[in-house]
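Peer 1:
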Amino acid sequence: MNHILRISFVVTILVFITSCKTTRTLNEGTVSNITDSKLRNSILENQLDFKKLYSKKLNISFNDGKTKKSFKGSYVIQKDSAIVVSIMAVMGIEVVRAQFLPNSIIILDKHNKKVFHTDYDFFANKYNLDINFDILQSILANMAFTYPPSDEPISDVLKRYKHGIRDNQYTFGVIKERRLNRLVKRQNSDLLIHDMLILPELYRISNHFIKDFSTNRTTEITYSEFTKFANLVFPKLINVDVIDGINHFKLSLTTNNLEVNDGGSLHFKIPSSYEVTNM
């Protein structure tokens, strides 16, 4: 896989969302007394309700400490069934097109006329990241997810999460902060943390923080500039930071157009002339 494809592939894993034509930045509110169940229900009730989500104009900036790259692209989500991501080169020429299905991933390297077949085990084997289709979809749509992945309904898994307050936002994590601080000080090697920051009143996720002490990996996904696009509330910017030992890469995304239940093509055809490779 050439260099631009490797970077583009990482981008398609973590790619994120935002914006439309007429925008208005929203007041994020202040915290109030709340119960775990009330916060859980409010998060689920205030997520974007969609069948199809089309991020038409996406600016992507990538930095792994050695290479800095910028791309333009787009993605289309058909809820619970398919995600198609497109990466563009100069003059709007598509160089990479990736299709994410619940049980498989196909990547077209149009520049080198190659097609790569893999599944979500690739991320576990290559990057120690336990990602499935549902988590990828949730990331792209600024929705709640639980980590590691679970076959249980998210509403049931979130019943194990406990809330707190930090920086005028709600926290919602699998371990209460006081206990978490004690466990971190003891350096439990099998500890895995997943903590969310929730904006009050909007009840939208502004941050996912995942720390896996067994692999010494930290992943932080930050959503900012929550804005109203027509009748939609969505974050305009996203920053992703992944620290894995001495390796650190950053991903920043800005979308300039967002359409819900309209627009965007899920067309995905593999040319017969392409060289087939399994990853």
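Okay, so the sequence shown: first residue is 0 according to numbering that gives the first Met the number 0, each after it adds one. All residues carry an ideal CB built from backbone N, CA and C; glycine is no exception.
1. Have a look at residue 146 and residue 93 and give me their C-alpha separation to the nearest angstrom.
2. Contact defined as beta carbons within less than 8 angstroms: I believe residue 279 pairs with residue 215. What is the distance between those atoms, to the nearest angstrom?
3. From the DSSP output, read off the bridge partner residues of residue 46.
4. Cα separation between residue 156 and residue 249?
5. Could you please give me the residues that DSSP links to residue 234 through a beta bridge?
6. Would you call residue 289 buried or exposed, if buried means 16 or more other Cβ atoms sit within 10 Å of its Cβ?
7. State the Cα-Cα distance for the pair residue 203 and residue 274, rounded to the nearest angstrom.
8. Check the DSSP bridge columns for residue 81 and list the partner residues they point to.
9. Based on the DSSP output, what are the partners of residue 33 in its beta bridges?
10. Going by Cα to Cα distance, which pick from 129, 63 and 142 is closest to residue 232?
11. Rounded to the nearest angstrom, what separates residue 234 and residue 228 at their Cα positions?
12. So if DSSP puts residue 212 in a beta bridge, which residue, or which two residues, is it bridged to?
13. Put residue 155 into one of helix, strand or coil per three-state DSSP.
14. Could you tell me whether the Cβ atoms of residue 190 and residue 57 are closer together than 9 angstroms?
15. Excluding the 5 residues preceding and the 5 following residue 41 in the sequence, name in chain order all residues of the same chain whose CB lies nearer than 7 angstroms to its CB.
16. Regarding residue 121 and the ligand COA, is the C-beta to nearest heavy atom distance less than 8 angstroms?
17. Does DSSP classify residue 277 as helix, strand or coil?
18. Hey, residue 84 and residue 72 are a contact pair by Cβ (cut 8 angstroms); roughly how many whole angstroms apart?
19. Between 241, 259, 198 and 236, which has its C-alpha nearest residue 208's C-alpha?
Peer 2: The short version:
1. Here residue 146 refers to the residue found at position 147 when the sequence shown is read from its first residue. Here residue 93 refers to the residue found at position 94 when the sequence shown is read from its first residue. Between residue 146 and residue 93, the C-alpha separation is close to 33 angstroms.
2. Outside the shown range of the chain (0 to 278) lies residue 279, about which nothing can therefore be said.
3. By 1-based counting over the sequence shown, the position of residue 46 is 47. DSSP lists no partner for residue 46.
4. Along the sequence shown, read from residue 1 onward, the residue named residue 156 stands at position 157. Along the sequence shown, read from residue 1 onward, the residue named residue 249 stands at position 250. The alpha-carbon atoms of residue 156 and residue 249 are separated by roughly 29 angstroms.
5. What you label residue 234 is simply residue 235 of the sequence shown in a count that begins at 1. 225.
6. Because the chain in this structure spans residues 0 to 278, residue 289 falls outside the shown range and cannot be described.
7. By one-based count along the sequence shown, residue 203 stands at place 204. By one-based count along the sequence shown, residue 274 stands at place 275. Cα-Cα distance, rounded: 43 angstroms.
8. Taking the first residue of the sequence shown as 1, we reach residue 81 at position 82. In DSSP, residue 81 forms a bridge with 77.
9. Mapped onto the sequence shown, residue 33 falls at position 34. Partner(s): none; residue 33 has no beta bridge.
10. One-based indexing of the sequence shown puts residue 232 at position 233. Residue 142 is the option with its Cα nearest to residue 232.
11. As a first step, residue 234 must be located in the sequence shown, where it is residue number 235. As a first step, residue 228 must be located in the sequence shown, where it is residue number 229. Straight-line Cα distance between these residues: approximately 10 angstroms.
12. Residue 212 sits at position 213 when you count from the first residue of the sequence shown. Residue 212 pairs with nothing; no bridge assigned.
13. For the purposes of this step, residue 155 is taken as the residue at position 156 of the sequence shown. In this structure, residue 155 counts as helix in the three-state DSSP scheme.
14. As a working mapping, residue 190 is identified with position 191 in the sequence shown. As a working mapping, residue 57 is identified with position 58 in the sequence shown. Result no, Cβ atoms of residue 190 and residue 57 do not sit closer than 9 angstroms.
15. Locating residue 41 in the sequence shown gives position 42, where the first residue counts as 1. Cβ neighbours of residue 41 beyond the five flanking positions: 202.
16. This structure lacks the ligand COA, and indeed carries no ligand of any kind.
17. One-based indexing of the sequence shown puts residue 277 at position 278. Note: residue 277 maps to strand in three-state DSSP.
18. As a position in the sequence shown, residue 84 is number 85, starting the count at 1. As a position in the sequence shown, residue 72 is number 73, starting the count at 1. Contact flag correct, Cβ pair sits at about 7 angstroms.
19. To locate residue 208, count along the sequence shown from 1; it is residue 209. Comparing Cα-Cα distances from residue 208 to each of 241, 259, 198 and 236, the minimum goes to 241.
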